[in-house]
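Asker:
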Amino acid sequence: MSAVVSVAQMPAPKAKLVFERYWPLLPAIVFLVLLFVYPVAQLLWLSVLDKDGALSATHYMRLGASPVYLQVLWTTVRIAGWTTLFCLLAGYPLAFLIATSAGRVRQNLVLWVLMPFWTSFLVRTFAWIVLLGRKGLVSDLFSALGYAEPPVQLLYNMTGILIGMVHALMPLAVVTMLSVMENIDTNLPRAAATLGARGGQAFWRVYFPLSMPGVAAAGLLVFITALGFFITPALLGSGRDIMIAQVIIEQVDQLLNWAFAGAVAMLLLLTSLVIFYVYDRLFGLSTLAGQTGGSAVDRRPRGLWALGSLVGRLFIEVMCWLCDRYGEAVDAIRPIDPARPRKPMSRRVLWIIGIATLFFLAAPAFFVIPVSFSTSSFIDWPPHGFTLAWYEKVLSSPQWVGAAIRSFIVGILAAALAMLLSIPAAFVLVRQRIAGRVAMTAFLLSPLIIPRILIAVALFYFYSRVGLVGTSVGLVLGHAVVAMPYVVITIMAVLKNYDMRLDQAAWSLGASKTQTLLQVTLPLIKPGLLAAFLFAFVTSFDELTIALFVSGGLQTTIPKQMWDNAVLQVSPALAAASTLVMFFVTGMILIAVALRRKATT
Amino acid sequence: MHPHLVEAARQKETSRRNHFASVCVGAIADPETITSLDGHSMEKPKSVKLSVRSLRKAYGAIVALGDTSIDLAEGEFLTLLGPSGSGKTTLLMAIAGLGLPDSGEVWIDGKLATYLPPNRRDIGMVFQNYALFPHMTVAENIAFPLRMRKTPEAAISREVARSLEMVQLPHVADRLPRQLSGGQQQRIALARCMVYQPSIILMDEPLGALDKKLRDRMQLEIKRLHTELGVTILYVTHDQEEALVMSDRICLMNEGRIEQIGTPQDLYFRPQTVFAADFLGESNLLRGTLTEVGPTLAVDVPGSGILRAPRPLGTNADFVTGSAVTLMVRPESVRALSPGESAENVVEVDLRDRILVGQVTRLYAHLVGGTEVVATSLTSPSNDKVEPGRRLRLGWSIENTVALFDRSGLR
Chain A
1 MSAVVSVAQM PAPKAKLVFE RYWPLLPAIV FLVLLFVYPV AQLLWLSVLD KDGALSATHY
61 MRLGASPVYL QVLWTTVRIA GWTTLFCLLA GYPLAFLIAT SAGRVRQNLV LWVLMPFWTS
121 FLVRTFAWIV LLGRKGLVSD LFSALGYAEP PVQLLYNMTG ILIGMVHALM PLAVVTMLSV
181 MENIDTNLPR AAATLGARGG QAFWRVYFPL SMPGVAAAGL LVFITALGFF ITPALLGSGR
241 DIMIAQVIIE QVDQLLNWAF AGAVAMLLLL TSLVIFYVYD RLFGLSTLAG QTGGSAVDRR
301 PRGLWALGSL VGRLFIEVMC WLCDRYGEAV DAIRPIDPAR PRKPMSRRVL WIIGIATLFF
361 LAAPAFFVIP VSFSTSSFID WPPHGFTLAW YEKVLSSPQW VGAAIRSFIV GILAAALAML
421 LSIPAAFVLV RQRIAGRVAM TAFLLSPLII PRILIAVALF YFYSRVGLVG TSVGLVLGHA
481 VVAMPYVVIT IMAVLKNYDM RLDQAAWSLG ASKTQTLLQV TLPLIKPGLL AAFLFAFVTS
541 FDELTIALFV SGGLQTTIPK QMWDNAVLQV SPALAAASTL VMFFVTGMIL IAVALRRKAT
601 T
Chain B
1 MHPHLVEAAR QKETSRRNHF ASVCVGAIAD PETITSLDGH SMEKPKSVKL SVRSLRKAYG
61 AIVALGDTSI DLAEGEFLTL LGPSGSGKTT LLMAIAGLGL PDSGEVWIDG KLATYLPPNR
121 RDIGMVFQNY ALFPHMTVAE NIAFPLRMRK TPEAAISREV ARSLEMVQLP HVADRLPRQL
181 SGGQQQRIAL ARCMVYQPSI ILMDEPLGAL DKKLRDRMQL EIKRLHTELG VTILYVTHDQ
241 EEALVMSDRI CLMNEGRIEQ IGTPQDLYFR PQTVFAADFL GESNLLRGTL TEVGPTLAVD
301 VPGSGILRAP RPLGTNADFV TGSAVTLMVR PESVRALSPG ESAENVVEVD LRDRILVGQV
361 TRLYAHLVGG TEVVATSLTS PSNDKVEPGR RLRLGWSIEN TVALFDRSGL R
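Chains as they are written, first to last, in the numbering used here: chain A, 1 to 601; chain B, 1 to 411.
(1) Put Ile261 (chain B) into one of helix, strand or coil per three-state DSSP.
(2) How is the alpha helix (DSSP H) around His617 (chain A) delimited, first residue to last?
(3) Between the C-alpha atoms of Trp258 (chain A) and Gly510 (chain A), what's the straight-line distance to the nearest angstrom?
(4) Is the CB of Arg190 (chain A) under 9 Å away from at least one CB in chain B?
(5) Whole beta strand (DSSP E) runs in the region 66-124 of chain B with 3 or more residues, listed along the chain?
(6) Whole angstroms are fine: how far does the CA of Ala95 (chain A) sit from the CA of Val152 (chain A)?
(7) Taking all protein chains shown into account, decide if Ser66 (chain A) is buried (16 or more other Cβ within 10 angstroms of its Cβ) or exposed.
(8) Mind listing the chain A neighbours of Leu100 (chain B)? Cutoff is C-beta to C-beta under 8 Å, in chain order.
(9) Taking Leu169 (chain A) as the reference, which of A:Arg106, A:Ser238, A:Phe86, A:Arg134 has the closest Cα?
(10) Taking CB distances under 9 Å as the criterion, tell me whether Arg313 (chain A) reaches chain B.
(11) Going by DSSP in three states, Leu475 (chain A) sits in which element: helix, strand or coil?
(12) If I measure Cβ to Cβ from Leu574 (chain A) and keep anything under 8 Å in the same chain, skipping five residues before and after, which residues do I get?
(13) Taking only the alpha-carbon atoms, compute the straight-line gap between Leu141 (chain A) and Leu195 (chain A) and give it to the nearest angstrom.
(14) Compare the C-beta of Cys251 (chain B) against all C-beta atoms of chain A and say whether one is closer than 9 Å.
(15) Using 8 Å as the threshold, is the region 42-51 of chain A in touch with the region 246-266 of chain A, meaning 3 or more CB pairs across them?
(16) So Trp128 (chain A) and Ile163 (chain A) are supposed to be a Cβ contact under 8 Å. How far apart are they, rounded?
(17) Should Asn108 (chain A) go down as buried or exposed, given a rule of 16 or more other Cβ atoms within 10 Å for buried?
(18) Within the continuous alpha helix (DSSP H) that includes Trp258 (chain A), where are the two ends?
(19) Measuring only between beta-carbons, confirm whether Arg198 (chain A) sits less than 9 Å from chain B.
(20) Quick one: Cα of Ile200 (chain B) to Cα of Ala276 (chain B), how far?
(21) Cα separation between His226 (chain B) and Ile70 (chain B)?
(22) Would DSSP call Trp396 (chain B) helix, strand or coil?
(23) Using a Cβ-Cβ cut-off of 9 Å, state whether Arg325 (chain A) counts as contacting chain B.
(24) Provide the residue span of the beta strand (DSSP E) that contains Val236 (chain B), from first to last.
(25) Starting from Ser540 (chain A) and walking both ways along the alpha helix (DSSP H), at which residues does that stretch end?
(26) How should Leu310 (chain A) be labelled, buried or exposed, when 16 other C-beta atoms within 10 angstroms of its C-beta is the threshold for buried?
(27) Can you grab the Cα-Cα spacing for the pair Trp390 (chain A) / Leu502 (chain A), in whole Å?
(28) Is the Cβ-Cβ distance between Trp107 (chain B) and Leu50 (chain B) less than 9 Å?
(29) Determine the burial state of Lys44 (chain B): buried for a count of at least 16 other Cβ atoms within 10 Å of its Cβ, exposed for fewer.
(30) For Leu282 (chain A), go through chain B and note every residue whose CB falls closer than 7 Å to its CB, in chain order.
(31) Could you tell me whether any Cβ in chain B is nearer than 9 Å to the Cβ of Pro335 (chain A)?
(32) What are the residues of the region 76-109 of chain A that lie near chain B, defined by any Cβ-Cβ distance shorter than 7 Å?
(33) Identify whether Tyr326 (chain A) lies in helix, strand or coil by the three-state DSSP scheme.
(34) Return helix, strand or coil for Leu55 (chain B), following the three-state DSSP convention.
(35) Locate the alpha helix (DSSP H) running through Pro623 (chain A), then write down its first and last residues.
(36) First and last residue of the beta strand (DSSP E) that includes Leu502 (chain A)?
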C-alpha cells in the first residue's frame, strides 16, 4: 500500500529536487553564456559572413591567400614552443626541489615562485626593459667582464620576447608540475633505493615517469597561454616577430575589420583546440586535474602514444646509463666509505639550480624600484642621483590618480560580482552529487583556457552593439568573467577541506539550513572567501587585455595607463607607478595567502 | 589483554622448543656461544646477520635514538615494538640507510654499512603503503631489483614467476598495482623484496593499512614465508598483539631507548620495567617499599600490608631495603578468595564492578588507598557469588608477582 503511494508521488518531488539542486549553478552559467559564450560565438560567426551577411569563406580565403598570416601563426607557435620548452626545462628542477623539501622551507619556496606571478604583469615586462636594454644591467655586467657588448642583442628581438615570456609563464609551469609531484609517494624513490637502485636510477626510472603527467599538463597550459600573448612581444620584441594576438589587435584597433579579426581569432582558437586534442590523445585531459599514477599508462600502445612511449623509454635508458657512468666516476674519485657519511652532491647542485631559477623569477621586479628614484628622464641603469619627483608626478597627475581610483572601484565591483555568482555554484559543485559535475566545473573554468585576447575582442564587439564600450559596467562585467574561474577554484578548495559533519552537527542541534549556513558554515570559511575576493580583485586590478579594448578613451585603468605610457615614452614615472602597484598588489596577495592558509589548515 | 593473546604467547613457547630452537633466544651477540637445544636439526651455528652497535641519532636537542645496540641472528624474526616516538622507526631508517645516524655502527652480514647508501646494503624493505611503483606492472615491479643487479633477462623472468608462485599470485603478473586489493599488493611487496634474497628484510608496519581480518591472515602469511625461506626479518609495529604472534624476539622501545629485549614470554611474564609491564598486556601495579631481602622480596604496599615477590632473575644489583618497588601482577593471575581460603599474596579490596566480557569476567576493585586492582577469571556461574559494593579478598601466588625497580634505583 505505502509502496504504491510513494511510487505515485515520486515524479513531482523528484523534479523539484533536481531544480533545488541545480538552481545555485544557474546564475553563474547564465552569466557566462551571456558574456562569454555568446560574444565569442558571435565573433566567430562573423568570420564566416561576407559584407552582406551571407555565409562565405572570403575571410578565410584571405587568410590562406597571403603567406603573412601563416607565417605569423608559425612564429606564434614557434615562440610558444620555445617558451614551453624553457619553462619546463628550468621549471622542473625547481618544482622537484620544492616537492622534495619539507615544512617551512617548502612554503617559502612556493611563495617566492608565486611572488612574480602576482606582481603586475606590466611591471615585470618593464623590469626586463631596464635589465636588458642597451644601457641595462646585463650589458653593464658584460662590459665589466671586458666585453664591449653582450654577444647577442637581448632586447627588441626574439631573445627578448622569449626571456619575457619564459619569465611570465614559468610560475604557471612550476605550480602545475608541483601539483603532480606533491602526489608522488615519497616512499617510492626510497623503495627503489632499498631495492638496489642508485640515486640516478631511482629518479629516472621511478620519479621521472610518475611526474610526466605534470610536465605534460604544465606544457599544455604554458603553450596555450603563450599562444595568446601580445604584451610581451609588443614591448620586448621587434616589428618582425609578430604574434597572432597582435594581428587581431591590429585588425580591430586600426582597421576595424571585425570579420577578419574573427577569422584570425578562429585560427588561434583552432590551434588551441588542436593542441588540446593532441594532448588528450597522448595523456588524457584528466591529467590536467593533477591526477597522478598516469591514466595514460593504462592505454594500450597505439600510434602517436606508442612512439612517444618508445622515445621516452629510450631517453630514460640513456639518462640511466649516463647517471651510472657518472656515479661510477664519482665512486672512483671519492670511494664510498661505510664508516663516514658522504654528503650527496646532487642535492647541492639542485639547490644551486633552484636558487638561480628563483632569482631569475623574483629579482627583476625589484630592479624597477631604484630606477623610480632616478633623476635621469629615461629608464637606464644604473640610476642617477635620487629624487622623489617621479612619485610626486604620478601622485599629482589627475590621469594616474583617476586611473587608480577607477581600477580600485572596478576591482571591488568585479570581485564582488564574481563572488556572488561563484559561491552558490561552488557549493553545488563540491557538495552535490549531480550529473555532469565535471563538465559544469570545466565550463565555469573555461574562461581560463580560451585565450584572453579572444574574450577581449569578442566583448568589445558585443559591447559596441549594446552600448557598453567605455563604461565601467562593461569593464566590471568583463573582469568578472575572467576572475570567476579563480574564485571558483579557491572556494572549491576551501569547501573540500570543510568538515561537513559540522553542518550536520548544527542541524542535529536544531538549526535550520539557513541558520547553519549563516552561523556555522560562512563564519568558518570566511577567511577562504576573503582570500578568493582578494584574488579576484587583483586579477581585475592587474588586467590589461580586456581593459585595453572595452574601457575606451578616457575610462582608463592603472594597467591601461601604464600601457599607454609605455607605448608613448618609457620614463621613470612609469617605474614609480610600477613600484606603487607592485607593493599594493603584493600586499594584497600576501594577505590573501595568509588568509587561505588559515582557512585550509 | 585478551586471553587469546596469552594463549598466543604460550603457543609460541611450545612451538619455539619444537621448531625454531633457542638460537634466537637471549643474547646472541657472539655467534660462538650459540648452541641449539635439539642439536641434530642444526648443521652449523647461525651467523649474525645484523649488528647494531651504540647507534645514536638526535634532531637538535631531541634525542630520537640514544646509544642502542642490537643483534639479529640468521633466520630470526625480531620485532621493534613501541609507542610512536619511541625511536623504532629512527632505528629502522638508520639500518636501511634512509636516515643516517650521528654515531655508532651498523654491520650487515659481517660488513660495515653505517654510511653506505641503501642500494649497497643488501637489504630489502617493505613499506606500510607497499610502495609498489604505480607505473610498472606487477612483474616489472618484482623484476626491478634484479634489473638493478644486472641479472640476465632469462633468469629474471624465471625468478619473477617463482616469487609470484611463492606468494600464490601467479595470475597477476601483467596487472598494475592499483588493480590489486590491499592484501594482494602487500604480497607483491613481499615478493619484490624476497626475490633477490637480501641478507635482511626490514618491515615498517607493513600491515598497518589493512583491516583486522586481513591483517590476521597476512601475519600468518609472513610467518609462513619466514619459516619456509629462512629469511631474517626486522619488523616494526606498535601493535603488541602482532608482536607477540609473530616474533622470535621482541625489542621493546621507549623514548629512544631499548626498554627490554627478549622472547614474547620474557616480556609478558618477566617484564623488567614498569613501562614494559604496562605496555604489553594488562597489569596491576602496586607501589611500595622494600622491607626485607631473603629468598623472596618482601614489599610493604600501603593499604594492603606485606606482599612477596621472587628475586628478579638476571639482576646482580644489591637490593637495598627501603628503596621503592613496584609490584606487578597480571589480572588473570589474581583470583577472588572465598572466606577462609588463603593465598601467598592477599589484599583486601572494595569491589566496584563486575563485568562479563564473554569468555572472561573482570572484577574491578580498589585497595584502601584507592589503587585499582583488576582480576580476570574464566566466566562461570560461580562468578555471581561476588557482588559489587562488597568487601572482598583477592589473592595470587608469589610466582606470578614481578618486582619492578625504577631504572634509576637499580643498575
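Glycine included, every Cβ here is placed at the ideal spot set by N, Cα and C.
Fair warning: this is a prediction, and the values are worked out from it, not measured in the lab.
Answerer: According to the data block:
(1) Position 261 of the second sequence holds residue 261 (chain B). In the structure shown, Ile261 (chain B) falls within a strand segment according to DSSP collapsed to helix, strand and coil.
(2) A query on residue 617 (chain A) cannot be resolved here, the shown segment of chain A reaching from 1 to 601 and no further.
(3) What you label residue 258 (chain A) is simply residue 258 of the first sequence in a count that begins at 1. What you label residue 510 (chain A) is simply residue 510 of the first sequence in a count that begins at 1. The straight-line gap from Cα to Cα measures roughly 60 Å.
(4) As a first step, residue 190 (chain A) is located in the first sequence; it is residue number 190 there, counting from the start. For Arg190 (chain A), the answer is yes, since a Cβ of chain B falls inside 9 Å of its Cβ.
(5) 77-81, 103-108
(6) Taking the first residue of the first sequence as position 1, residue 152 (chain A) is located at position 152. Taking the first residue of the first sequence as position 1, residue 95 (chain A) is located at position 95. Their Cα atoms are separated by approximately 30 Å.
(7) Taking the first sequence and counting its residues from 1, the one referred to as residue 66 (chain A) is at position 66. Ser66 (chain A) should be labelled exposed.
(8) Along the second sequence, read from residue 1 onward, the residue named residue 100 (chain B) stands at position 100. By Cβ distance, chain A contributes Pro341.
(9) The residue you call residue 169 (chain A) lines up with position 169 of the first sequence. Ranking A:Arg106, A:Ser238, A:Phe86, A:Arg134 by Cα distance to Leu169 (chain A) puts A:Phe86 first.
(10) Counting from 1 along the first sequence, the entry for residue 313 (chain A) is found at position 313. No, Arg313 (chain A) does not count as interfacial toward chain B.
(11) Counted from its first residue, the first sequence places residue 475 (chain A) at position 475. Three-state result, Leu475 (chain A): helix.
(12) Locating residue 574 (chain A) in the first sequence gives position 574, where the first residue counts as 1. Taken in chain order, the residues that qualify are Phe126, Ile379, Met562, Asn565, Ala566.
(13) Here residue 141 (chain A) refers to the residue found at position 141 of the first sequence. Here residue 195 (chain A) refers to the residue found at position 195 of the first sequence. About 49 Å.
(14) Reading the second sequence from its first residue, position 251 is the one you call residue 251 (chain B). No, Cys251 (chain B) does not count as interfacial toward chain A.
(15) yes
(16) Within the first sequence, the letter at position 128 stands for residue 128 (chain A). Within the first sequence, the letter at position 163 stands for residue 163 (chain A). Yes, they are in contact, since the Cβ atoms of Trp128 (chain A) and Ile163 (chain A) sit about 6 Å apart, within 8 Å.
(17) Taking the first sequence and counting its residues from 1, the one referred to as residue 108 (chain A) is at position 108. Its Cβ having fewer than 16 others within 10 Å, Asn108 (chain A) is exposed.
(18) On the first sequence, position 258 is the one that residue 258 (chain A) refers to. That run of the alpha helix (DSSP H) goes 258-282.
(19) Within the first sequence, the letter at position 198 stands for residue 198 (chain A). In terms of beta-carbon proximity, Arg198 (chain A) lines the interface with chain B, with at least one pair separated by less than 9 Å.
(20) Mapped onto the second sequence, residue 200 (chain B) falls at position 200. Mapped onto the second sequence, residue 276 (chain B) falls at position 276. Roughly 27 Å separates the two Cα atoms.
(21) Here residue 226 (chain B) is taken as the residue at index 226 of the second sequence, counted from 1. Here residue 70 (chain B) is taken as the residue at index 70 of the second sequence, counted from 1. Those two C-alpha atoms are separated by around 20 Å.
(22) On the second sequence, position 396 is the one that residue 396 (chain B) refers to. The answer is strand: DSSP assigns Trp396 (chain B) an E or B state.
(23) Numbered from 1 along the first sequence, position 325 holds the residue referred to as residue 325 (chain A). Judged by the 9 Å Cβ criterion, Arg325 (chain A) is not in contact with chain B.
(24) As a first step, residue 236 (chain B) must be located in the second sequence, where it is residue number 236. Residues 233-237.
(25) Counted from its first residue, the first sequence places residue 540 (chain A) at position 540. 522-541 is the span of the alpha helix (DSSP H), which, as asked, contains Ser540 (chain A).
(26) Within the first sequence, the letter at position 310 stands for residue 310 (chain A). Counting the other CB atoms within 10 Å of its CB gives Leu310 (chain A) a total below 16, which places it among the exposed residues.
(27) Here residue 390 (chain A) refers to the residue found at position 390 of the first sequence. Here residue 502 (chain A) refers to the residue found at position 502 of the first sequence. Going by the C-alpha atoms only, they are around 54 Å apart.
(28) Along the second sequence, one-based indexing puts residue 107 (chain B) at 107. Along the second sequence, one-based indexing puts residue 50 (chain B) at 50. Yes, the pair counts as a contact, with Cβ atoms nearer than the cut-off.
(29) The residue labelled residue 44 (chain B) in the question sits at position 44 within the second sequence. Bear in mind that a pLDDT of 49 at Lys44 (chain B), under 50, signals an unreliable position, so the number given afterwards is only what the model happens to contain. Per the 10 Å Cβ criterion, exposed.
(30) Reading the first sequence from its first residue, position 282 is the one you call residue 282 (chain A). Within 7 Å Cβ-Cβ: nothing; Leu282 (chain A) doesn't reach chain B, min ~15 Å.
(31) Numbered from 1 along the first sequence, position 335 holds the residue referred to as residue 335 (chain A). Taking Cβ atoms only, chain B never reaches closer than 9 Å to Pro335 (chain A), which makes this a no.
(32) none
(33) The residue you call residue 326 (chain A) lines up with position 326 of the first sequence. Tyr326 (chain A): helix per DSSP, three-state reduction.
(34) Position 55 of the second sequence, counting from 1, holds the residue named residue 55 (chain B). Strand, per DSSP.
(35) With chain A covering 1 to 601 only, the question about residue 623 (chain A) has no answer from this structure.
(36) As a first step, residue 502 (chain A) must be located in the first sequence, where it is residue number 502. Not the beta strand (DSSP E): Leu502 (chain A) falls in the alpha helix (DSSP H), residues 500-508.
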